[in-house]
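Asks:
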Amino acid sequence: MNNWRRFSILALIFLVFNSCVDQISFPLDRGVEKLIVYGQLSNLNEDKFVFLSETTSADREPLFAGQYLVLNDLPRPVTTAQVFVVNSDNQRFSLNQIEPGKYMLPRNVEIREDVPYFVEIFIEGRVYRSEPEQMPQVVGEDELGYTFSRGNFKGAPETAFISIVSDVQLPAVDFPYFLRWDVDEAYYWNLTFFPNPFNKAPPDCYVFGFPDPERITLFNGENAPASGQGGSQIVAERIVDESFLSRHYFNVRQVSTSRGSHDYWRRIRELVNNSGSVFDTPPAPVRGNVYNASNPDEVVLGYFEVVRVSQKRIYTTRADVPFFIPEVCTYDPARPLDKYPRTCLRCSEFPNSTSQTPHWWFDQ
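Using the UniProt record's numbering, the letters of the sequence shown map in sequence onto residues 1 to 364.
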């Protein structure tokens, strides 16, 4: 999945179907290109990823698109890097680039809980490293539910939407901990079934995304209740649309992080809340824990974190939705082919999609 949208700070959150990417966007001073790094190691048995890109400077060379050159200010993936994950026992693991700017550490590499890890990146003679982090000791649990509503949704009146709610069980410990909630979604999309001599159905289509990407839910456990009861909170909301015609999953990850990671995401949240819009210019870029080993004054964006994760999934079906949902892809013999949305014809029209059924799809 290669979805490089406008942003200055790439807030990538690993979730869903081995891992997906979420992005929170800010315009940035385009005078100097800046490296953007995001990666996460966790206790889960899944592939791990490091994402590398660069912001766009004013003198960036144009891109070739079809038969002409174009200019844009989108960050561009870094494809020339060597990426390693290293621990304090000097165990080094190389990551392979599987898509432009997306470097993978296979799931068979065990992430130890007793040692700190950092990322090491080599790009054209420059060396970047993150500050070492060790996996936190504890994480809580979520009991998930949902509610459907109709009302004002982000300024749109009389809108049908769903709220994903968690009854949170916090860690019952007497030392500080820091939590974040990451939510992604996956749904089955019904492609148009055109009549054919063999009565062959269209291929399966599974689409992945993020229902509420600008929501950053954090919890500072320094003054948490001793009972471990965290109460109920909304972790995501999104509009009800045709994606709810079939099974629609929400994957909620409660992420136990370091204090440094928590502070980084708190600053990102403050920028979002204080500016009023993620497209307003922030007062300054938010630096993370990655630095140039030979030039510490260079501004590097993003964060490489080592976390402990507890994840839960919940899904809805069409029968759960109390609203009418139009079927945009239903076959109509009087409807010309060019009148169908392209997403009705090909699953690949969705940026993050596959015809392969996720291994967990029928677990619940």
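Glycine residues also receive a C-beta, built at the ideal position from the N, C-alpha and C atoms.
Since we're looking at a predicted model, the values are computed, not measured.
(1) Could you have a look at residue 130 and say whether DSSP puts it in helix, strand or coil?
(2) Which whole-angstrom value is the C-beta distance of residue 183 and residue 251, which I expect to be below 8 Å?
(3) Around the Cβ of residue 320, are there at least 16 other Cβ atoms within 10 angstroms (buried) or fewer (exposed)?
(4) So what does DSSP say about residue 26, is it helix, strand or coil?
(5) With distances taken from CA atoms, which of 192, 267, 198 is nearest residue 337?
(6) Would residue 258 and residue 136 qualify as a contact pair, given that the criterion is a beta-carbon distance under 8 Å?
(7) With a cut-off of 8 Å on the beta carbons, I'd call residue 304 and residue 101 a contact; round off their distance for me.
(8) Three-state secondary structure (DSSP) at residue 177?
(9) Suppose contacts are defined by Cβ-Cβ distances below 8 Å. Is residue 122 in contact with residue 82 by that definition?
(10) Can residue 233 and residue 138 be called in contact, C-beta distance under 8 Å?
(11) Secondary structure at residue 294, three-state DSSP: helix, strand or coil?
(12) Under 7 Å Cβ to Cβ from residue 295, same chain only, skipping five residues before and after it: list those, please.
(13) Do residue 131 and residue 221 have their C-beta atoms within less than 8 Å of each other?
(14) The beta strand (DSSP E) spanning residue 52 covers which residue range?
(15) Taking only the alpha-carbon atoms, compute the straight-line gap between residue 365 and residue 165 and give it to the nearest angstrom.
(16) Rounded to whole angstroms, what is the Cα-Cα separation between residue 335 and residue 343?
(17) According to DSSP, is residue 312 part of a helix, a strand, or is it coil?
(18) In or out: residue 32 buried (at least 16 other Cβ within 10 Å) or exposed?
(19) Residue 126 to residue 293, Cα distance in whole Å?
(20) Counting only C-beta atoms, is residue 203 closer than 8 Å to chain C at any point?
(21) Run through DSSP, which three-state label would residue 327 get?
(22) Can you give the beta carbon distance from residue 216 to residue 272, rounded, assuming they're within the 8 Å contact cut?
(23) Going by alpha carbons, who is nearest to residue 314 out of 147, 134, 120?
(24) Between the alpha carbons of residue 281 and residue 203, how many angstroms are there, rounded?
(25) Under the rule that 16 or more other beta-carbon atoms within 10 Å means buried, what is residue 55, buried or exposed?
Replies: Based on what the coordinates show:
(1) Position 130 of the sequence shown holds residue 130. Looking at residue 130 - three-state DSSP - the assignment turns out to be strand.
(2) Taking the sequence shown and counting its residues from 1, one reaches residue 183 at position 183. Taking the sequence shown and counting its residues from 1, one reaches residue 251 at position 251. The Cβ separation is near 7 Å, so the contact holds.
(3) On the sequence shown, position 320 is the one that residue 320 refers to. Flag for residue 320 reads exposed.
(4) Numbered from 1 along the sequence shown, position 26 holds the residue referred to as residue 26. Note that residue 26 scores a pLDDT of 46, beneath 50, so its modelled location is shaky; the value from the coordinates is reported in the next line. Looking at residue 26 - three-state DSSP - the assignment turns out to be coil, as it is neither helix nor strand.
(5) Looking up residue 337 in the sequence shown gives position 337. Ranked by Cα distance from residue 337, the options 192, 267, 198 are led by 192.
(6) Within the sequence shown, the letter at position 258 stands for residue 258. Within the sequence shown, the letter at position 136 stands for residue 136. Their beta carbons are under 8 Å apart, which means residue 258 touches residue 136 by this criterion.
(7) For the purposes of this step, residue 304 is taken as residue 304 along the sequence shown, with counting starting at 1. For the purposes of this step, residue 101 is taken as residue 101 along the sequence shown, with counting starting at 1. About 15 Å separates the two Cβ atoms, so there is no contact after all.
(8) To locate residue 177, count along the sequence shown from 1; it is residue 177. The answer is coil: DSSP assigns residue 177 none of H, G, I, E or B.
(9) Within the sequence shown, the letter at position 122 stands for residue 122. Within the sequence shown, the letter at position 82 stands for residue 82. Yes. Within cutoff.
(10) As a working note, residue 233 is residue 233 in the sequence shown. As a working note, residue 138 is residue 138 in the sequence shown. Not in contact: residue 233 and residue 138 (Cβ atoms no closer than 8 Å).
(11) Looking up residue 294 in the sequence shown gives position 294. Residue 294 falls in the coil class under three-state DSSP.
(12) Along the sequence shown, one-based indexing puts residue 295 at 295. Answer for residue 295: no residue qualifies.
(13) Translated into positions along the sequence shown, residue 131 becomes position 131. Translated into positions along the sequence shown, residue 221 becomes position 221. No; because the gap between Cβ atoms is not below 8 Å, this pair is not in contact.
(14) Working through the sequence shown from its first residue, we reach residue 52 at position 52. Where residue 52 is concerned, the enclosing beta strand (DSSP E) stretches over 48-54.
(15) Any question about residue 365 goes unanswered here, given that the chain covers just 1 to 364.
(16) The residue you call residue 335 lines up with position 335 of the sequence shown. The residue you call residue 343 lines up with position 343 of the sequence shown. So the alpha carbons of these two residues sit roughly 16 Å apart.
(17) Taking the sequence shown and counting its residues from 1, the one referred to as residue 312 is at position 312. Strand.
(18) Translated into positions along the sequence shown, residue 32 becomes position 32. Exposed, by the Cβ-count rule.
(19) For the purposes of this step, residue 126 is taken as residue 126 along the sequence shown, with counting starting at 1. For the purposes of this step, residue 293 is taken as residue 293 along the sequence shown, with counting starting at 1. Between residue 126 and residue 293, the C-alpha separation is close to 8 Å.
(20) Chain labels in this structure do not include chain C; a single protein chain is all it has.
(21) In the sequence shown, counting from the first residue as 1, residue 327 sits at position 327. Residue 327: coil per DSSP, three-state reduction.
(22) Walking along the sequence shown from the start, residue 216 turns up at place 216. Walking along the sequence shown from the start, residue 272 turns up at place 272. About 7 Å separates the two Cβ atoms, so the contact holds.
(23) The residue given as residue 314 occupies position 314 in the sequence shown. The residue with the shortest Cα to Cα distance from residue 314 is 147.
(24) Counting from 1 along the sequence shown, the entry for residue 281 is found at position 281. Counting from 1 along the sequence shown, the entry for residue 203 is found at position 203. With a pLDDT of 45 at residue 281, under the threshold of 50, the modelled position of that residue is not reliable, and the figure given next carries that caveat. C-alpha separation (whole angstroms): 43 Å.
(25) Within the sequence shown, the letter at position 55 stands for residue 55. Classification for residue 55: buried.
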